[in-house]
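Chain order of the listed sequences is D and L. With the first letter of the first sequence counted as 1, position 10 gets the number 10 in the working numbering; the numbers rise by one all the way through. With the first letter of the second sequence counted as 1, position 66 gets the number 1066 in the working numbering; the numbers rise by one all the way through. Here is the structure we will look at.
2 protein chains.
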Amino acid sequence: MADLLTISEVARRSGVAASALRFYEERSLITSERAGSGHRRYARPVLRRIAFIVFAQRVGLTLEEIGAELDKLPPNRAPNRRDWSRLSSQWGSRIDQRIAELERLKRGLTDCIGCGCLSLGRCQLANPGDRAAGLGPGPRYWIGDAPLG
Amino acid sequence: MADLLTISEVARRSGVAASALRFYEERSLITSERAGSGHRRYARPVLRRIAFIVFAQRVGLTLEEIGAELDKLPPNRAPNRRDWSRLSSQWGSRIDQRIAELERLKRGLTDCIGCGCLSLGRCQLANPGDRAAGLGPGPRYWIGDAPLG
DNA sequence: CTACAAGTTCAAGTGAACTTGAAGTCAAGG
DNA sequence: CCTTGACTTCAAGTTCACTTGAACTTGTAG
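Put into structure tokens, the structure is as follows:
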């Protein structure tokens, strides 16, 4: 039970692959110290940080956005519960939007595809403005390069 | 108001870029006839098919999955409202799962990150089995290569 | 006839989030 | 001394859903 964890320990405890941890470090999402051998040694709070990253991804944030959030944490002390809470408090509306879209899709899907409207540009269901809402890269311009439907 | 549409007409009406339409055709998601010139000519029902593709993507299906769904449509007649309805009826549970996850995330996020559990492998919020639920490529093995949390 | 827009194919590029492979280092065990 | 295993770096590969660019043809207007 050392105070510093190896990369494989962190990988096992977090469920995130070692290669991903190195990748996160390269992107400055997490940090590590080094043992004399050059091996990474992680302080315990890194696990909470990784948990944050994983959940934020589930919510639909990109690593870049997640990095921006993490930068808001106090630099000179270990973040407490309140700090974490503040970060994720803003996810609420984002989640709500996505839920609303899914519910719209669920309710109206058949109607809209079955009906004659097909005006994807204006259809309530298509919800053009919401491209960043967590479907990954996807069709980046899937709607919006057409001025009207 | 010709019975066959050009690619730019289809692009404008559907909001999907012409390059994407060619790409969909390459993937056999849509088809076209050819004018004498070699230019694509689309039959009107292609618009409904494209609408289906776009919505299915929003729900979180990959193009491959969408292709598999479209293959279930009757090959020798134009699909009717009931045909489309049958396809999207199975999306319901998928959407529900995703909504449930988002709601779990919303309710418990701060608790879990703020608390001491951090056992990402077992945590209710992490919901490991749900990797295909519509977050795009993302961390393909983000959880699941660790046997236990 | 000449422009020019709109279409064609095919190969290669993009971005996100990683993974994989090659080549090397280091400590401990037999 | 040699192997094994865990680690290192760096470059390149992977997947998905497209987009972009080059080179070319066709149809329409003036």
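The C-beta atom is built at its ideal place from N, Cα and C for all residues, glycine as well.
{"Query": "Look up leucine 5 (chain D) in the DSSP assignment and give the residues it is bridged to.", "Result": "D:Tyr42"}
{"Query": "Does the Cβ of proline 1079 (chain L) have 16 or more other Cβ atoms within 10 Å, making it buried, or fewer, making it exposed?", "Result": "buried"}
{"Query": "Taking the alpha-carbon positions, what's the serine 1093 (chain L) to glutamate 1033 (chain L) distance?", "Result": "36 Å"}
{"Query": "Considering just the uninterrupted stretch of the alpha helix (DSSP H) at leucine 63 (chain D), what are its terminal residues?", "Result": "63 to 70"}
{"Query": "Alpha carbons only, please: which of D:Leu73, D:Glu26, D:Ser85, D:Arg44 is nearest the one belonging to threonine 6 (chain D)?", "Result": "D:Arg44"}
{"Query": "Would you mind reading off the limits of the alpha helix (DSSP H) that contains alanine 20 (chain D)?", "Result": "18 to 26"}
{"Query": "In chain order, what residues of the same chain lie with their CB nearer than 8 Å to the CB of aspartate 1003 (chain L), ignoring the 5 residues before and after it?", "Result": "Ala1043, Arg1044"}
{"Query": "Does the pairing of the region 1044 to 1064 of chain L with the region 1006 to 1020 of chain L give three or more beta-carbon distances under 8 Å?", "Result": "yes"}
{"Query": "Starting from serine 1089 (chain L), trace the alpha helix (DSSP H) both ways and give me its first and last residue.", "Result": "1081 to 1089"}
{"Query": "Could you tell me which of D:Trp84, D:Glu9, D:Glu65 sits nearest to proline 74 (chain D), measuring between CA atoms?", "Result": "D:Trp84"}
{"Query": "Looking at C-beta atoms only, is the number of pairs between the region 1057 to 1067 of chain L and the region 62 to 74 of chain D that lie closer than 8 Å three or more?", "Result": "no"}
{"Query": "Determine whether the Cβ of arginine 1034 (chain L) lies closer than 9 Å to any Cβ atom of chain D.", "Result": "no"}
{"Query": "Examine chain D for any beta-carbon lying closer than 9 Å to the beta-carbon of glutamate 1038 (chain L), and answer yes or no.", "Result": "Note that residue 1038 (chain L) corresponds to glycine in the displayed sequence, not to glutamate. Chain D, which has no Cβ nearer than 9 Å to the Cβ of glycine 1038 (chain L), makes this no."}
{"Query": "So with Cβ pairs under 9 Å, would you call isoleucine 1066 (chain L) a contact of chain D?", "Result": "no"}
{"Query": "Restricting to Cα atoms, I'd like to know which of L:Arg1040, L:Tyr1024, L:Ser1037 is closest to glutamine 1158 (chain L).", "Result": "Since the first residue shown for chain L is 1001 and the last is 1149, residue 1158 (chain L) is missing from the structure and cannot be characterised."}
{"Query": "Buried or exposed for serine 1088 (chain L), please, with buried defined as at least 16 other CB atoms from any protein chain shown within 10 angstroms of its CB.", "Result": "buried"}
{"Query": "Got a sec: which bits of the region 1038 to 1062 of chain L sit with their beta carbon under 7 Å from any beta carbon on chain D, in order along the chain?", "Result": "Leu1047, Arg1048, Ala1051, Phe1052, Val1054, Phe1055, Gln1057, Arg1058, Val1059, Gly1060"}
{"Query": "Isoleucine 99 (chain D) and isoleucine 1099 (chain L): beta carbons closer than 9 Å?", "Result": "yes"}
{"Query": "Straight-line CA distance for arginine 1041 (chain L) to serine 1028 (chain L)?", "Result": "15 Å"}
{"Query": "Roughly how many angstroms lie between the CA atoms of arginine 1107 (chain L) and asparagine 1076 (chain L), to the nearest whole one?", "Result": "49 Å"}
{"Query": "Check each candidate in L:Trp1091, L:Ala1020, L:Leu1021 and name the one with the smallest Cα separation from phenylalanine 1055 (chain L).", "Result": "L:Trp1091"}
{"Query": "Going by DSSP, which residues form a beta bridge with glutamate 1033 (chain L)?", "Result": "L:Arg1041"}
{"Query": "Please tell me whether, using a cut-off of 8 Å, the distance from the CB of glutamine 1057 (chain L) to the nearest non-hydrogen atom of the ligand ADP is below it.", "Result": "Judged by which ligands are present, the structure shown has none, so any question about the ligand ADP falls away."}
{"Query": "Consult DSSP for alanine 78 (chain D) and reduce its assignment to one of helix, strand or coil.", "Result": "coil"}
{"Query": "Compare the C-beta of glutamate 25 (chain D) against all C-beta atoms of chain L and say whether one is closer than 9 Å.", "Result": "no"}
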